[in-house]
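A.B. asks: Chains as they are written, first to last, in our numbering: chain A, -11 to 219; chain B, 28 to 113. Even glycine gets a Cβ: it sits at the ideal position worked out from N, Cα and C. Just passing along the structure, written as structure tokens.
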């Protein structure tokens, strides 16, 4: 017996089987390519394909549940890619340290040349756009707001660093993350203990998630900092 | 009036062709070309999400695709300048 909720539109029902089969085909192609490749960086890129297959299968549900499941899936995939790329780089550095005859060549970076242009729009526009992004992110709250605000923080840091200016380094980002977890857990607890304060607990959870996601995206900006540090 | 189903099946087509191109396409031994081919499959997924009205998921997919591309480029450049076999 197949249980179909009554609020699923008819058009989505006819799209269910093709989406599931497409997800299976894409996942099969991705895993086959992973099995045939031996270099780790290629495997890391091909992991993206398996993530896309996951999105296909989840989105075939077609309700708000699908949307709620896709968001954490994407973020977990992002964190996984970040962690594995760090591991690959660290391992390669360890191999070089063990064999000192192979010296590091003169390094290039993601942004090879610092901007030396002295135009007014270079100083004012990134500040304004970052301010608007952070303000709009705080207004949105929740997951999306965190992403928007974090994007604003990253844009600010990148635009200052690309011109060779010092960036204000905030220590204790991990502490902000801990406070965000506490807010989230308190909000979740209040939902069950005192359901009449649901608005308060909703906003506690939303603001906690905002802090958490914004600091996570800001962390990615900090990680890019070492690439931008070169003159 | 163009049917929504056309975009849906075109998205599926793009995703499958893009994944085949990522796996066995021309010149994929260069990791940068392989990364670019992944974008094609993700555009297909974007079309499918658009047909399902998943706006938040679509926006998050776009944002994470950009960030993942940056991370992968950083890893590829670092590994190549250290002389690893990529």
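Quick one: is residue 7 of chain A buried, meaning 16 or more other Cβ sit within 10 Å of its Cβ, or exposed?
C.D. replies: Residue mapping note: residue 7 of chain A aligns to position 19 of the first chain, counting from 1. Per the 10 Å Cβ criterion, buried.
A.B. asks: Closer than 8 angstroms, Cβ to Cβ, to anything on chain A: give me those residues from the stretch 88 to 109 of chain B, in chain order.
C.D. replies: Those residues of the stretch 88 to 109 of chain B that come within reach of chain A (Cβ to Cβ, closer than 8 angstroms) are 88, 90, 91, 94, 95, 97, 98, 99, 100, 101, 102, 103, 104, 105, 106, 108 and 109.
A.B. asks: Would you check if the distance between the CB atom of residue 49 of chain B and the CB atom of residue 66 of chain A is smaller than 8 angstroms?
C.D. replies: For this step, residue 49 of chain B is matched to residue 22 along the second chain. For this step, residue 66 of chain A is matched to residue 78 along the first chain. Against a cut-off of 8 angstroms, the Cβ pair of residue 66 of chain A and residue 49 of chain B comes out as no contact.
A.B. asks: If the criterion is Cβ atoms closer than 8 angstroms, does the pair residue 205 of chain A and residue 138 of chain A meet it?
C.D. replies: Here residue 205 of chain A refers to the residue found at position 217 when the first chain is read from its first residue. Here residue 138 of chain A refers to the residue found at position 150 when the first chain is read from its first residue. In this structure, residue 138 of chain A lies closer than 8 angstroms to residue 205 of chain A by Cβ.
A.B. asks: If we define contact as Cβ-Cβ less than 8 angstroms, is residue 53 of chain B a contact residue for chain A?
C.D. replies: Counting from 1 along the second chain, the entry for residue 53 of chain B is found at position 26. Not closer than 8 angstroms to any Cβ of chain A, the Cβ of residue 53 of chain B fails to qualify, so no.
A.B. asks: Less than 7 angstroms between the CB of residue 18 of chain A and some heavy atom of the ligand GTP, yes or no?
C.D. replies: Judged by which ligands are present, the structure shown has none, so any question about the ligand GTP falls away.
A.B. asks: Assign residue 216 of chain A to one of three DSSP states: helix, strand, or coil.
C.D. replies: As a working mapping, residue 216 of chain A is identified with position 228 in the first chain. Its pLDDT being 49, under 50, residue 216 of chain A is placed unreliably in this model, and the value from its coordinates should be taken loosely. Of the three classes helix, strand and coil, the one that applies to residue 216 of chain A here is helix, per DSSP.
A.B. asks: Count the other C-beta atoms from every protein chain shown that fall within 10 angstroms of the C-beta of residue 99 of chain B, then say buried if there are 16 or more, exposed otherwise.
C.D. replies: Locating residue 99 of chain B in the second chain gives position 72, counting from the first residue. It is buried - the Cβ of residue 99 of chain B has at least 16 other Cβ atoms within 10 Å.
A.B. asks: With a threshold of 8 angstroms between beta carbons, is residue 47 of chain A in contact with chain B?
C.D. replies: As a first step, residue 47 of chain A must be located in the first chain, where it is residue number 59. Yes, contact with chain B.
A.B. asks: Under 8 angstroms by Cβ, that's how I've got residue 34 of chain B and residue 78 of chain B pegged, so tell me the actual separation to the nearest angstrom.
C.D. replies: In the second chain, residue 34 of chain B corresponds to position 7, counting from 1. In the second chain, residue 78 of chain B corresponds to position 51, counting from 1. Between residue 78 of chain B and residue 34 of chain B the Cβ distance is about 5 angstroms, and since that is below 8 angstroms, they are a contact.
A.B. asks: Enumerate in chain order the residues of its own chain whose CB-to-CB distance from residue 31 of chain A is below 7 angstroms, with the five nearest sequence positions on each side excluded.
C.D. replies: What you label residue 31 of chain A is simply residue 43 of the first chain in a count that begins at 1. Result list for residue 31 of chain A: 22 and 25, in chain order.
A.B. asks: May I have the straight-line CA-CA distance separating residue 50 of chain A from residue 32 of chain B, to the nearest angstrom?
C.D. replies: In the first chain, residue 50 of chain A corresponds to position 62, counting from 1. In the second chain, residue 32 of chain B corresponds to position 5, counting from 1. For residue 50 of chain A and residue 32 of chain B, the distance between alpha carbons rounds to 14 angstroms.
A.B. asks: What's the call for residue 296 of chain A, buried or exposed, on a 16-neighbour Cβ count within 10 Å?
C.D. replies: Coverage of chain A is limited to positions -11 through 219, which leaves residue 296 of chain A absent and any answer about it impossible.
A.B. asks: Using a Cβ-Cβ distance under 8 angstroms, would residue 44 of chain B count as near chain A?
C.D. replies: Residue 44 of chain B sits at position 17 when you count from the first residue of the second chain. Closer than 8 angstroms: no.
A.B. asks: Just reading off the alpha helix (DSSP H) that residue 32 of chain B is part of, what are its end residues?
C.D. replies: Within the second chain, the letter at position 5 stands for residue 32 of chain B. Unbroken alpha helix (DSSP H) run through residue 32 of chain B: 31 to 51.
A.B. asks: Short check: CB of residue 29 of chain A to CB of residue 109 of chain B, under 8 angstroms?
C.D. replies: Along the first chain, one-based indexing puts residue 29 of chain A at 41. Along the second chain, one-based indexing puts residue 109 of chain B at 82. No, Cβ-Cβ distance for residue 29 of chain A and residue 109 of chain B is not below 8 angstroms.
A.B. asks: Would you kindly report the start and end of the unbroken alpha helix (DSSP H) that includes residue 184 of chain A?
C.D. replies: Taking the first chain and counting its residues from 1, the one referred to as residue 184 of chain A is at position 196. Note, residue 184 of chain A: premise wrong, no alpha helix (DSSP H); not H, not E.
A.B. asks: As a quick exercise: from B:59, B:83, B:74 and B:107, pick the residue whose alpha carbon is nearest that of residue 43 of chain B.
C.D. replies: The count along the second chain starts at 1 and reaches residue 43 of chain B at position 16. When each option's Cα is compared against that of residue 43 of chain B, the closest is B:74.
A.B. asks: Using beta carbons (cut-off 8 angstroms, strictly below), is residue 121 of chain A in contact with chain B?
C.D. replies: Against the first chain, residue 121 of chain A aligns to sequence position 133. It does not; no Cβ of chain B falls within 8 angstroms.
A.B. asks: Below 8 angstroms, can you find three or more Cβ-Cβ pairs linking the stretch 120 to 132 of chain A to the stretch 185 to 197 of chain A?
C.D. replies: The stretch 120 to 132 of chain A vs the stretch 185 to 197 of chain A: in contact.
A.B. asks: Note down, in chain order, every chain B residue with its Cβ under 8 angstroms from the Cβ of residue 81 of chain A.
C.D. replies: As a working note, residue 81 of chain A is residue 93 in the first chain. What residue 81 of chain A touches in chain B: 109.
A.B. asks: Out of A:201, A:171, A:169 and A:45, which one is the CA nearest neighbour of residue 9 of chain A?
C.D. replies: What you label residue 9 of chain A is simply residue 21 of the first chain in a count that begins at 1. Comparing Cα-Cα distances from residue 9 of chain A to each of A:201, A:171, A:169 and A:45, the minimum goes to A:45.
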